[in-house]
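**Q**
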Amino acid sequence: MKPAYRPPVTVHQIARHLGVSAATVSSVLAHRHVERRIAPATVERIRAAAQSLGYIPNMAGRRLRAHRTATRQIDLAILTSFEAPLPLVGQALHALQRAVEVQSTADTRYAVAIEMFHAGRIREKTGLLDADRYHGVILTNTLPEDDRFLAEAALPYPAVILGRRIPGRCCVLEAPEFVGRRSAEILIDAGCRAPAVIHGRLLTHTTADRLAAFRHTLRERTGREPTVLVSEGLQPRHAAAAFEQHWARGGRVDGLFTVTDSLAIGAYRVFRDLGVRIPADVAVVGVGDYELAEFFAPPLTTVAGANEAMVAEAVPLLFRLLRGETVPPEVLVVPPVFLRESTRRHRPTAIGATKPAYPKRRSKRRER
Numbered sequence: 000m001k002p003a004y005r006p007p008v009t010v011h012q013i014a015r016h017l018g019v020s021a022a023t024v025s026s027v028l029a030h031r032h033v034e035r036r037i038a039p040a041t042v043e044r045i046r047a048a049a050q051s052l053g054y055i056p057n058m059a060g061r062r063l064r065a066h067r068t069a070t071r072q073i074d075l076a077i078l079t080s081f082e083a084p085l086p087l088v089g090q091a092l093h094a095l096q097r098a099v100e101v102q103s104t105a106d107t108r109y110a111v112a113i114e115m116f117h118a119g120r121i122r123e124k125t126g127l128l129d130a131d132r133y134h135g136v137i138l139t140n141t142l143p144e145d146d147r148f149l150a151e152a153a154l155p156y157p158a159v160i161l162g163r164r165i166p167g168r169c170c171v172l173e174a175p176e177f178v179g180r181r182s183a184e185i186l187i188d189a190g191c192r193a194p195a196v197i198h199g200r201l202l203t204h205t206t207a208d209r210l211a212a213f214r215h216t217l218r219e220r221t222g223r224e225p226t227v228l229v230s231e232g233l234q235p236r237h238a239a240a241a242f243e244q245h246w247a248r249g250g251r252v253d254g255l256f257t258v259t260d261s262l263a264i265g266a267y268r269v270f271r272d273l274g275v276r277i278p279a280d281v282a283v284v285g286v287g288d289y290e291l292a293e294f295f296a297p298p299l300t301t302v303a304g305a306n307e308a309m310v311a312e313a314v315p316l317l318f319r320l321l322r323g324e325t326v327p328p329e330v331l332v333v334p335p336v337f338l339r340e341s342t343r344r345h346r347p348t349a350i351g352a353t354k355p356a357y358p359k360r361r362s363k364r365r366e367r
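Numbers 0 to 367, taken from numbering that gives the first Met the number 0, label the letters of the sequence shown in order.
1. Is Ser182 close to chain D? Criterion is C-beta to C-beta, closer than 8 Å.
2. Can you find the residues in the same chain that come closer than 8 Å, C-beta to C-beta, to Leu321, ignoring five residues on each side of it along the sequence?
3. Going by other Cβ atoms of all chains shown within 10 Å of its Cβ, with 16 needed for buried, is Thr125 buried or exposed?
4. Between Ala263 and the rest of its own chain, which residues show a CB-CB distance below 7 Å, the 5 nearest in sequence each way excluded?
5. Quick check on the DSSP output: what are the complete alpha helix (DSSP H) runs of length 4 or more inside the region 218 to 268, in order along the chain?
6. Take the Cβ of His117 as the centre, count every other Cβ of all protein chains shown within 10 Å, and call the residue buried at 16 or more, exposed below.
7. Could you have a look at Ser80 and say whether DSSP puts it in helix, strand or coil?
8. To which residues of the same chain is Val314 closer than 6 Å at the C-beta, ignoring the five residues directly before and after it?
9. Per DSSP, Ala14 forms a beta bridge with which residues?
10. Would you mind reading off the limits of the alpha helix (DSSP H) that contains Phe177?
11. Can you tell me which residues form a DSSP beta bridge with Asp74?
12. Residues in the same chain with beta-carbon distance under 7 Å from Val27, minus the five sequence neighbours each way, listed in chain order, please.
13. What is the DSSP secondary structure of Ala211, counted as helix, strand or coil?
14. Alpha carbon to alpha carbon, how far is Cys169 from Pro327? Give it in angstroms, no decimals.
15. So, does the region 261 to 277 touch the region 213 to 220, judging by three or more C-beta pairs under 8 Å?
16. When DSSP labels each residue in this structure, what does Ala349 get in the three-state scheme?
17. If you compare alpha carbons, which of Pro235, Pro6, Thr79 and Thr141 is closest to Ile165?
18. Run through the region 267 to 341 for me and flag every whole beta strand (DSSP E) of 3 or more residues, listed as ranges in chain order.
19. For Ile137, does the three-state DSSP call read helix, strand or coil?
20. Under a Cβ-count criterion, where at least 16 other Cβ atoms within 10 Å of its own Cβ denotes burial, should Pro368 be classed as buried or exposed?
21. Buried or exposed: Val10, going by 16 or more other Cβ atoms within 10 Å of its Cβ?
22. Over the uninterrupted alpha helix (DSSP H) stretch that includes Ile45, give me the two end residues.
23. Taking 8 Å as the limit between beta carbons, can you name the residues of its chain near Glu293, skipping five residues before and five after?
24. Starting from Ile160, follow its DSSP beta bridges and name the residues at the other end.
25. Under a three-way DSSP split, which group does Pro56 fall into?
26. Counting only the same chain and skipping the five closest in sequence on each side, list residues whose C-beta sits under 8 Å from that of Leu23.
27. Run through DSSP, which three-state label would Ile393 get?
28. Check whether the Cβ atoms of Pro278 and Arg344 sit closer than 8 Å, and answer yes or no.
29. On the DSSP bridge list, what partners appear for His198?
30. Look at the alpha carbon of Glu123 and the alpha carbon of Gly179, and state the distance between them as a whole number of angstroms.
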């Protein structure tokens, strides 16, 4: 049951409650009591009343009073899902903030916010279709259900979509099939004969493309299907749980493709606990090239994903849309590849070479 609506407490209500003028209350709450020479005792009474009554300042009103009449404020937002990893959002935020610092003038100011929705439920986001909510947005980490809604929705502001193809929208995405295909080739070149791929239960347009391209390349090059492991989410703990279940069932792999680097972190921990050596027993390829990737033990080979390159394209496109310019409906970027120690292993000398011998897991007693 929803709580009953309680209207916000106003300056005038606090003034009536204390028997002082609204101007006095306003001056205290705006921290102008010293210049107005308001008695310290009155200041304390007003602050205590504001706290006890649950007063919340109207920040929009304060901004309006602080700006000159001729000053325009442009509100920009990055919209992303709660369930998604944050590196892409962080990169977009930094790039957008750098851009607004350059674009800001005495007459035009920018405000940048990150707003979130539940994956697959962007249609439920309050104010998404309001014309006075945003001036422009960058959208990322949507699911197919979100994409279908966005393809039909009449967004009343410019929008750039990261990482997925949506008809009628300005989209920036990694070159189709590149990440999955290149990851499969790296594992094949490392001599892997029983590779696996792990992904989250919720597949975005991008992760679905990576998975499909990886499987297709393995079938085409080796005639084999990879083992597919599904984790509940994209956090390291989700990957660790999926691998522990796989090993408990007797499953084995000698190569691994993780659709994000965060899943690779969980896999590394399980391999360490099992005594499985990287890359001698299992070669590992991640996606994203997170800041920690080169500090893994051993350093992680990554197909970097196109995050940085996508953001570099998306931010200028958003400002072009704000100026009313025509932009291309789709921009494709090819991500870089970083080959590191996690895939540098000796290839088998013959087709019939045996699988690597996996050490048995040590007992918890011995680990202590």
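Where is the CB? At the ideal position from N, CA and C, for every residue including glycine.
**A** Once the coordinates are examined:
1. Of the chains in the structure shown, none is chain D; there is only one protein chain.
2. Ile73, His134, Gly135 and Pro157
3. exposed
4. Thr257, Val283, Gly285 and Leu299
5. 235 to 247
6. exposed
7. strand
8. Ala94, Leu95 and Ala98
9. In the DSSP output, where bridge partners are listed per residue, Ala14 has none listed.
10. Phe177 to Asp188
11. Ala110
12. Ile37, Val42, Ile45 and Arg46
13. helix
14. 7 Å
15. no
16. Residue placement at Ala349 is flagged as unreliable, the pLDDT there being 33, under the threshold of 50; a coordinate-derived value is accordingly withheld.
17. Thr141
18. 282 to 286, 300 to 302 and 329 to 332
19. strand
20. Within the shown structure, residues of the chain are numbered from 0 to 367, placing residue 368 beyond reach of any answer.
21. buried
22. Pro39 to Leu52
23. Leu299, Phe337 and Arg339
24. Leu138 and Cys170
25. coil
26. Here residue 23 turns out to be Thr, not Leu, going by the sequence shown. Ala14, Arg35, Ile37, Thr41 and Ile45.
27. Residue coverage of the chain in this structure runs from 0 to 367, which leaves residue 393 outside it and unanswerable.
28. yes
29. Val229
30. 32 Å
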